[in-house]
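K.L.:
In full-length UniProt numbering, the protein residues as written are 1 to 223.
Where a beta carbon is used, it is the ideal one built from N, C-alpha and C, also for glycine.
This one's a predicted model, so the numbers in the text were calculated from it and none came from an experiment.
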Amino acid sequence: MRTEPRGTAPEPTRHIVIEPSILYFGTPVVLLSTENDDGTFNLAPISSAWALGQTVVLGLGRDGQTARNLGRRPDLVINLPAPDQWQAVERLAPLTGRDPVPATKAVGCRFEPDKFGAAGLCESPSEVVRPPRVAECPIQLEARAERVQPDVSGDFVIAETVVRKVHVDPRIVVPGTDHVDPAAWSPLIYNFRHYFGLGPELGHTYRSQTPRRPRHSVATSVA
Ligand SMILES: Cc1cc2nc3c(=O)[nH]c(=O)nc-3n(C[C@H](O)[C@H](O)[C@H](O)COP(=O)(O)O)c2cc1C
1 MRTEPRGTAP
11 EPTRHIVIEP
21 SILYFGTPVV
31 LLSTENDDGT
41 FNLAPISSAW
51 ALGQTVVLGL
61 GRDGQTARNL
71 GRRPDLVINL
81 PAPDQWQAVE
91 RLAPLTGRDP
101 VPATKAVGCR
111 FEPDKFGAAG
121 LCESPSEVVR
131 PPRVAECPIQ
141 LEARAERVQP
151 DVSGDFVIAE
161 TVVRKVHVDP
171 RIVVPGTDHV
181 DPAAWSPLIY
191 NFRHYFGLGP
201 ELGHTYRSQT
211 PRRPRHSVAT
221 SVA
């Protein structure tokens, strides 16, 4: 049995061991809208979000208003901003919907009951859940948290949410299909606490079912 790769082995990279305080290695930012106890709505950015079929798994600070809301009222909207919306996201960064502000929140965090207003974003009514969508976000997923439980550290909760309705800006949909055009859409990426968009496409997996269309006909990107 072969144990060595073909060709000349490259000079091994001399990795070094470091102790980073965070491991945010580049995941999409989502804005979660949830319902507060008094019937108003909270909006919070998170980057610990990933999809598995129609399930989207979220990692939330245990003491935040979003985790509290989802533990009590499971409806939410997972809104995906585009890269050019990073400043609206950043306006939400030092805010919490929780009053009083928990001691575990980052220094400088303050209570804000009107997160949509503070971010300069508009509410758009949802169809199957109570919290509104963020009108400006190109992708909006109406969903329901089916399981909310503590993570292994006890500092966070893991919410397993099931998407019930998908709303997409038509400019990022391949016309006449149910496919998001990966060439027209870019998520906003949170990369070690800095914001990025995607670079040019490198290729696609053998399982891609997105119809290919001539590059000149791709709609202007909303990203
Ligand atoms: C880009 C970005 C990504 C974030 N990612 C997460 C995350 O994945 N999980 C989390 O709990 N908080 C995350 N935060 C911090 C929350 O947004 C912050 O704790 C906020 O106060 C939560 O609001 P809430 O208490 O009203 O729910 C992120 C913040 C920013 C700006």
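Per DSSP, what kind of secondary structure is T61 in: helix, strand or coil?
P.N.:
It is worth fixing the name first, because residue 61 is Gly in this sequence and not Thr. Correct three-state label for G61: strand.
K.L.:
In whole angstroms, what is the alpha-carbon distance linking I189 and A135?
P.N.:
20 Å
K.L.:
Any heavy atom of ligand 1 within a distance shorter than 7 Å of the CB on Q65?
P.N.:
Of the heavy atoms belonging to ligand 1, at least one sits nearer than 7 Å to the Cβ of Q65.
K.L.:
I'd like the ranges of any beta strand (DSSP E) spanning at least 3 consecutive residues and lying wholly in the segment 112-151.
P.N.:
139-150
K.L.:
Near R130, what residues of its chain come up, given a Cβ to Cβ distance below 7 Å and the 5 sequence neighbours on each side ignored?
P.N.:
E35, D75
K.L.:
Whole angstroms are fine: how far does the CA of C109 sit from the CA of A118?
P.N.:
14 Å
K.L.:
Pick out the complete alpha helix (DSSP H) segments inside the segment 8-92, 4 residues or longer, and give them in chain order.
P.N.:
65-72, 86-92
K.L.:
Beta carbon of E160: closer than 7 Å to some heavy atom of ligand 1?
P.N.:
no
K.L.:
Would you tell me roughly how many angstroms separate the C-alpha atoms of S33 and N42, rounded to the nearest one?
P.N.:
5 Å
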